[in-house]
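K.L.:
2 protein chains.
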Amino acid sequence: MTITIAVDSMGGDHGLPVTVPATFEFLRRDPGCSIVLVGNEELLTSAVAKSGNSFGERLKIRNASEVVTMEDAVATALRTKKDSSMRVAINLVKEGTAHAAVSAGNTGALMAISRFVLKTLPGIERPAIATILPTIKGHCYVLDLGANVDCTPEHLLQFGIMGSQLVSTLEHMDKPSVGLLNIGEEDIKGNEIVRRAGDLLKASDLNFYGSVEGNDIFKGTTDVVVCDGFVGNVVLKASEGLASMLVAGLREEFKRNLLTKLMALLSRPVLNAFKSRFDHRSYNGASLLGLKGIVIKSHGSADAYSFCCALEKAAQEARNNLPEKIASRMVKFV
Amino acid sequence: MTITIAVDSMGGDHGLPVTVPATFEFLRRDPGCSIVLVGNEELLTSAVAKSGNSFGERLKIRNASEVVTMEDAVATALRTKKDSSMRVAINLVKEGTAHAAVSAGNTGALMAISRFVLKTLPGIERPAIATILPTIKGHCYVLDLGANVDCTPEHLLQFGIMGSQLVSTLEHMDKPSVGLLNIGEEDIKGNEIVRRAGDLLKASDLNFYGSVEGNDIFKGTTDVVVCDGFVGNVVLKASEGLASMLVAGLREEFKRNLLTKLMALLSRPVLNAFKSRFDHRSYNGASLLGLKGIVIKSHGSADAYSFCCALEKAAQEARNNLPEKIASRMVKFV
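Sequence lines, in order, name chains C and Z. With the working numbering applied, the first sequence has no gaps in its numbers, which climb one by one up to 334 at the end. With the working numbering applied, the second sequence has no gaps in its numbers, which climb one by one up to 334 at the end.
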């Protein structure tokens, strides 16, 4: 079966200059996939022609007259921009023309439109955003990352089920371990909601490890880490900020004078190996889980390499029927 | 005026082998200070004798027959270990013999005992734990880091006032900027408590910057970042975990083979400069704020250098009468 992915070609900080080359690279790498580029037809036709299209029927263009900007209020994006490239891409998933949609646009708008158009799976009260983070052992999946701020214990349980299924599906693991993000001080351990979520997770059929702390994320203590969207978003952004600071600091030290610049030159192979090992670009592509359809959010500032990674994630979820698998896990809760 | 610091010499992962050398180093560096080492008198007398005590009246030993362990429940530490080195050190602050207490022991127990013995300042409902984190520009102060899990908007306002006064006092800044940790997605911006805390902070006389996101901590966007103890603890531990992972990863790449080991040798001056710039050891010493007395929590695994930094922080807060300054800021709320 050919997997078709609808791409919001206008979204993100860069739009076509990233999404078109990424599409070409992706189609070259994965002959079992086709792409529908959604956006301004004129611009797209010209960009695709310039790139030397040789993909025939595997690459289509679908016009959309509007664009959701990073500044658009979610309500504006949802109610007034009904012909946005984001909305049309998600419509293609809804109507069955595409198996998945990928966008680098406004996260809030993407979640709201996806939820409105696709609806949530039976038993899922709130969709969640899951991403992969590098660990000292490999990587882990963390959710939620900002779709849900005030979570009930039941929501956190649902995140655990969705995260577990995501890892089972993408990594072909039988029983991924699930940790609940908490704090360690014994008498002040967690708040009431986290405590009750722990009870629900313990009683579930998940491979529940128990509470994990912030440092366990990067230690790779569990395959999945569950938290509410406020905590998840803060941790993700703080980690990005810390990594940027350390990289900038290392660069500064290596640029201090001629001698240190020479050292940088000599150490380049090591520094490059280090860089590619923890390269956040290859982790690009957060999954919007719990919807009746596959939607992947790319980082807004993604480059073509990074956007292509998000397309690959969409193809992988589509090939493995992730939404149906989550739905089947939820049957007993419905 | 000589500043006297009571040291819980038995606390932390290492006890005397760290606290005694750190005390000696501190007394050498700061002639205006004296120390009371609290713990097992016999062990302390022998350790101090071995180190070649030359500080006369500036170094005293005070016996305490018990030790709070990392595994002790807070209730046990508080109710049954009334002659612990931690408790006796804090008692010395209460009775005016010492100006500050420093411990590397169990955080939960330290907070509970400090609160029970010293009591909170008028107008402060909950003490908070504040620490300093490196930023690309210098450093910032973050609180709370785990003392308070379920916070009201009023608690967050009090954290803002205490954090602002901490920075004013330690850094001699007139109006430190204060940010409220939040998430950026516009429609799902923060939860109700954070929203209301923002209103209170805006209406206060603080130099309130507004909401900041996780990455702003390490960008150094504001001098103070306020959050509840759950989020603060998770962010702090995740940051420690990420930094450890990156350092371990860099070390692994430099150790891969003979050639890379040679590169490491050549680049050592740069790597050392990088390391010392972001050395978490020099940031050791979290302040327990809002109490009628000064208590500093050292990292449990601190080495002597690092523990000495915590002693210096205690001396600095004592010299600047931090608790009285916080109390005077709270007068209008009482």
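Using N, Cα and C, we set each Cβ at its ideal position, and we do this for glycine too.
1. Leaving out five residues before and five after Cys308 (chain Z) in sequence, what residues of the same chain have Cβ atoms less than 6 Å from its Cβ?
2. Cα separation between Ala318 (chain Z) and Glu252 (chain Z)?
3. When the Cα atoms are used, what is the spatial distance from Val36 (chain Z) to Ile296 (chain Z)?
4. Give me the Cα-Cα distance between Ala302 (chain Z) and Tyr141 (chain C), rounded to the nearest whole angstrom.
5. Distance, Cα to Cα, Lys119 (chain C) vs Ile294 (chain C)?
6. Of all the options C:Val88, C:Gly52, C:Ser51 and C:Ala75, which has the alpha carbon lying nearest to the alpha carbon of Met10 (chain C)?
7. Looking at C-alpha atoms only, which residue of C:Glu312, C:Asn320 and C:Phe254 is the closest neighbour of Ser103 (chain C)?
8. Where does Thr97 (chain C) sit, in a helix, a strand or coil, going by DSSP?
9. Please state whether DSSP places Val167 (chain C) in a helix, a strand or coil.
10. Can you tell which of C:Lys50, C:Lys60 and C:Ser85 has its C-alpha closest to the C-alpha of Gly15 (chain C)?
11. Is it buried or exposed, Ser328 (chain C), if we count other Cβ atoms within 10 angstroms and call 16 or more buried?
12. Three-state secondary structure (DSSP) at His14 (chain C)?
13. Taking all protein chains shown into account, decide if Val62 (chain C) is buried (16 or more other Cβ within 10 angstroms of its Cβ) or exposed.
14. Could you have a look at Ala75 (chain Z) and say whether DSSP puts it in helix, strand or coil?
15. Should Ser282 (chain Z) be flagged as near chain C, meaning a C-beta pair shorter than 8 Å?
16. Specify the secondary structure class of Asn63 (chain C) as computed by DSSP and reduced to three states.
17. Of the residues that make up the region 266-300 of chain C, which ones have a beta carbon closer than 7 Å to any beta carbon in chain Z?
18. Hey, is Leu59 (chain C) close to the ligand COA, as in C-beta under 7 Å from one of its heavy atoms?
19. Just to confirm the assignment: which complete alpha helix (DSSP H) runs, minimum length 4, are found wholly within the region 15-43 of chain C?
20. Which residues in chain C sit within 7 Å of Val226 (chain Z), going by Cβ to Cβ distance?
21. Am I right that Thr221 (chain C) and Gly179 (chain C) are in contact with their C-beta atoms under 8 Å? What's the rounded C-beta distance?
22. Tell me the rounded alpha-carbon separation between Ser54 (chain Z) and Lys275 (chain C).
23. Quick one, which of Z:Lys237, Z:Leu266 and Z:Tyr209 has its alpha-carbon nearest Val224 (chain Z)'s?
24. Would DSSP call His155 (chain Z) helix, strand or coil?
25. With 16 as the cutoff for other CB atoms within 10 Å, does Gly163 (chain C) come out buried or exposed?
26. According to DSSP, is Asp150 (chain C) helix, strand or coil?
27. State the Cα-Cα distance for the pair Ala128 (chain C) and Asn321 (chain C), rounded to the nearest angstrom.
28. So for Asp83 (chain C), helix, strand or coil by DSSP?
29. Any beta carbon of chain C sitting closer than 8 Å to that of Val68 (chain Z)?
30. May I ask you to list the residues that DSSP assigns as paired with His341 (chain C)?
31. Should Thr83 (chain Z) and Ala109 (chain Z) be called a contact, given that it needs their Cβ atoms to be closer than 8 Å?
32. What does Thr135 (chain Z) touch in chain B if you count any residue whose Cβ is under 8 Å from its own?
33. Buried or exposed for Lys292 (chain C), please, with buried defined as at least 16 other CB atoms from any protein chain shown within 10 angstroms of its CB.
34. For Gly241 (chain Z) and chain C, any beta-carbon pair shorter than 8 Å?
35. Between which residues of its own chain and Ala273 (chain Z) is the CB-CB distance below 8 Å, once the five residues before and five after are set aside?
36. What span of residues does the alpha helix (DSSP H) with Pro269 (chain Z) cover, start to end?
P.N.:
In terms of the structure at hand:
1. Cβ within range, chain order: Ala22, Glu25 and Phe26.
2. Ala318 (chain Z) and Glu252 (chain Z): Cα-Cα distance of roughly 43 Å.
3. Answer to the nearest angstrom: the Cα atoms are 15 Å apart.
4. Straight-line Cα distance between these residues: approximately 31 Å.
5. Rounded to the nearest angstrom, the gap between the Cα atoms of Lys119 (chain C) and Ile294 (chain C) is 11 Å.
6. Of all alpha-carbon atoms in C:Val88, C:Gly52, C:Ser51 and C:Ala75, the one lying nearest the alpha-carbon of Met10 (chain C) is that of C:Val88.
7. Comparing alpha-carbon positions, the option among C:Glu312, C:Asn320 and C:Phe254 lying closest to Ser103 (chain C) turns out to be C:Glu312.
8. In this structure, Thr97 (chain C) counts as coil in the three-state DSSP scheme.
9. Helix at Val167 (chain C).
10. Nearest neighbour of Gly15 (chain C) by Cα position, chosen from C:Lys50, C:Lys60 and C:Ser85, turns out to be C:Ser85.
11. So Ser328 (chain C) ends up on the exposed side.
12. Under the three-state reduction of DSSP output, His14 (chain C) falls in the coil class, being neither helix nor strand.
13. Strictly speaking, residue 62 (chain C) in this sequence is Arg, with Val absent from that position. With 16 or more other Cβ atoms within 10 Å, it is buried.
14. Helix.
15. No, no contact with chain C.
16. DSSP places Asn63 (chain C) in strand when its eight states are reduced to three.
17. For the region 266-300 of chain C, the set of residues with a beta-carbon nearer than 7 Å to any beta-carbon of chain Z comprises Leu266, Ser267, Val270, Ala273, Phe274, Arg277 and Phe278, in chain order.
18. Of ligands this structure carries none, so the ligand COA is not represented either.
19. 16-29, all fully within the region 15-43 of chain C.
20. Taking a Cβ-Cβ cut-off of 7 Å, Val226 (chain Z) has no neighbours in chain C, whose nearest Cβ is about 12 Å from it.
21. With a Cβ gap of about 6 Å, Thr221 (chain C) and Gly179 (chain C) count as contacting.
22. A straight-line Cα-Cα distance of about 50 Å links Ser54 (chain Z) and Lys275 (chain C).
23. From the listed residues Z:Lys237, Z:Leu266 and Z:Tyr209, the smallest Cα separation to Val224 (chain Z) is found for Z:Tyr209.
24. Residue state, collapsed to three classes: helix.
25. Classified as buried, Gly163 (chain C) has 16 or more neighbouring CB atoms from the shown chains inside 10 Å of its CB.
26. In the displayed model, Asp150 (chain C) falls within coil according to three-state DSSP, outside both helix and strand.
27. The alpha-carbon atoms of Ala128 (chain C) and Asn321 (chain C) are separated by roughly 17 Å.
28. Taken through DSSP and simplified to helix, strand or coil, Asp83 (chain C) comes out as coil.
29. Not closer than 8 Å to any Cβ of chain C, the Cβ of Val68 (chain Z) fails to qualify, so no.
30. Past the boundaries of the shown model lies residue 341 (chain C); chain C is included only from 1 to 334, so the question cannot be answered.
31. In the sequence as presented, Thr is not what sits at residue 83 (chain Z); that position holds Asp. The answer is no: Cβ separation not under 8 Å.
32. No chain B appears in the structure shown, which is made up of the protein chains C and Z.
33. Lys292 (chain C) is classed as buried because its beta carbon has at least 16 other beta carbons within 10 Å across all chains shown.
34. Taking Cβ atoms only, chain C reaches closer than 8 Å to Gly241 (chain Z), which makes this a yes.
35. Sequence-distant Cβ neighbours of Ala273 (chain Z) in its own chain, meaning closer than 8 Å and more than five residues away, do not exist here.
36. Leu258 to Arg277 is the extent of the alpha helix (DSSP H) around Pro269 (chain Z).
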